[in-house]
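Undergrad: Here the numbering used here is used: the first residue of the sequence shown is 984, the next is one more, and so on. C-beta: ideal position from N, C-alpha, C; glycine also. Pasting in a structure now, in structure tokens, and then I'll have a few things to ask.
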Amino acid sequence: EILVVDEVLAVGDAEFQKKAIGKMQDVSKGEGRTVLFVSHNMDSKLNLCKNGVVMDKGSVVYSGTIFDCVNNYLKDNSVTNIYSSCNDTKQIYVKYVAPVDEKNNVLETASYFFANHVKYEVQVACNDSNFDFHNCVLELSVRTHRNMLMFCSEYNLSKSDFVNGIAKFYVELPSSLLAPGSYLVGNAIHQPNVCVYDNVSQSSSFTILDTNSPYLKYNGVNQGVVYVEPKWVNVKC
């Protein structure tokens, strides 16, 4: 009465995967049987399953709703999400970087839904009261785990941003922009084409989970890294 499916989405082309997903849905919903779905594909599990079990070396380490299981797995297998530094040898440096939720609470697991904003807290420390902020910028970059640069964003720093040598910022990335997957965050402070004061190539990481994007019907098949909605016009000849 139990159908065991082990990493079926790791092989085959898109058409094969589509058929496999359809069969699992028919068995679980139409025939009322239990499907045990073994996979490392987070999006497919969120799409297909209600409950989950996280295992490590043959032992159950966590069980619960599928969303809680995915968060638990990502938390234990992700790059460190929070960056902290105390570098008093530099004039100015990136002091703290952390993912936060919509209420600015620090997230232990940096997981965001496709339709939600990705948000970070970034702190900068300045040890030099006479530092020249002319053309000085704070940069945030986002890359794929294969180190492909997705985009950079810059903020023009000024002395007025600092209180007792610390400047604190919240930066919010647009929702429904990055395709579901994992991404790396980097930060730098520099004067363009002049001087780099601090460069943290990998300060954090985050994951976009898929429960409601147009990509969902493909169950994890690679559809690129950004989502765009071009305008389609039907011209009848």
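Considering only their Cβ atoms, is the gap separating tyrosine 1056 from valine 1037 smaller than 8 Å?
TA: Within the sequence shown, the letter at position 54 stands for residue 1037. Within the sequence shown, the letter at position 73 stands for residue 1056. Cβ atoms of valine 1037 and tyrosine 1056: closer than 8 Å.
Undergrad: Looking at the unbroken beta strand (DSSP E) that takes in isoleucine 1065, where does it start and where does it end?
TA: Counting from 1 along the sequence shown, the entry for residue 1065 is found at position 82. Premise fails: isoleucine 1065 is in no beta strand (DSSP E) and is neither H nor E.
Undergrad: For glycine 1005 and leucine 986, I'd like the C-alpha separation in whole angstroms.
TA: Indexing the sequence shown from 1 puts residue 1005 at position 22. Indexing the sequence shown from 1 puts residue 986 at position 3. Rounded to the nearest angstrom, the two C-alpha atoms are 14 Å apart.
Undergrad: Restricting to Cα atoms, I'd like to know which of Asn1024, Val1105, Pro1157, Met1131 is closest to asparagine 929.
TA: Past the edges of the chain, shown from 984 to 1220, lies residue 929, and the structure says nothing about it.
Undergrad: Should glycine 1207 go down as buried or exposed, given a rule of 16 or more other Cβ atoms within 10 Å for buried?
TA: Taking the sequence shown and counting its residues from 1, the one referred to as residue 1207 is at position 224. Classification of glycine 1207: exposed, given that the 10 Å Cβ count is below 16.
Undergrad: Give me whichever residues DSSP pairs with methionine 1038 in a beta bridge.
TA: Position 55 of the sequence shown holds residue 1038. Its beta-bridge partners are Val1043.
Undergrad: For histidine 1023, which of Gly1047, Gly1015, Asn1054 has the nearest alpha-carbon?
TA: Residue mapping note: residue 1023 aligns to position 40 of the sequence shown, counting from 1. Checking every option, the nearest Cα to that of histidine 1023 belongs to Asn1054.
Undergrad: With distance defined between alpha-carbon atoms, name the residue in Phe1020, Phe1050, Asp989, Ser1143 nearest to isoleucine 1191.
TA: Here residue 1191 corresponds to residue number 208 of the sequence shown, with the count starting at 1. Isoleucine 1191 has its Cα closest to that of Phe1050, out of Phe1020, Phe1050, Asp989, Ser1143.
Undergrad: Answer yes if the segment 1122-1137 comes into contact with the segment 1088-1098, meaning at least three C-beta pairs across the two stretches below 8 Å, and no otherwise.
TA: Counting Cβ pairs under 8 Å, fewer than three are found: no touch.
Undergrad: In chain order, what residues of the same chain have a beta carbon less than 8 Å from the beta carbon of tyrosine 1166, not counting five sequence neighbours either side?
TA: Indexing the sequence shown from 1 puts residue 1166 at position 183. So the list reads Val1125, Arg1126, Thr1127, His1128, Met1133, Ser1188, Phe1189, Thr1190, Ile1191, once near-sequence residues are dropped.
Undergrad: What did DSSP end up calling tyrosine 1076 once you bin it into helix, strand or coil?
TA: Here the question's residue 1076 lines up with position 93 in the sequence shown. Looking at tyrosine 1076 - three-state DSSP - the assignment turns out to be strand.
Undergrad: Only counting the same chain, and skipping five residues up and downstream in sequence, which positions put a Cβ closer than 8 Å to that of serine 1159?
TA: By one-based count along the sequence shown, residue 1159 stands at place 176. Cβ within range, chain order: Phe1097, Ala1098, Ser1196, Tyr1210.
Undergrad: Could you give the residue range of the beta strand (DSSP E) that holds asparagine 1139?
TA: Locating residue 1139 in the sequence shown gives position 156, where the first residue counts as 1. Its beta strand (DSSP E) spans residues 1132-1139.
Undergrad: Hey, could you find the ends of the beta strand (DSSP E) cysteine 1178 is sitting in?
TA: As a working mapping, residue 1178 is identified with position 195 in the sequence shown. Start and end: 1178-1192.
Undergrad: Could you check the C-alpha separation between aspartate 1193 and aspartate 1115 for me, to the nearest Å?
TA: If you number the sequence shown from 1, residue 1193 lands on position 210. If you number the sequence shown from 1, residue 1115 lands on position 132. C-alpha separation (whole angstroms): 44 Å.
Undergrad: Name the residue from Lys1219, Val1101, Tyr1066 whose alpha carbon lies nearest to the alpha carbon of glutamine 1185.
TA: For the purposes of this step, residue 1185 is taken as the residue at position 202 of the sequence shown. Closest by alpha carbon: Tyr1066.
Undergrad: With distances taken between CB atoms, is the gap from glutamate 1137 to valine 1120 smaller than 8 Å?
TA: As a position in the sequence shown, residue 1137 is number 154, starting the count at 1. As a position in the sequence shown, residue 1120 is number 137, starting the count at 1. Yes.
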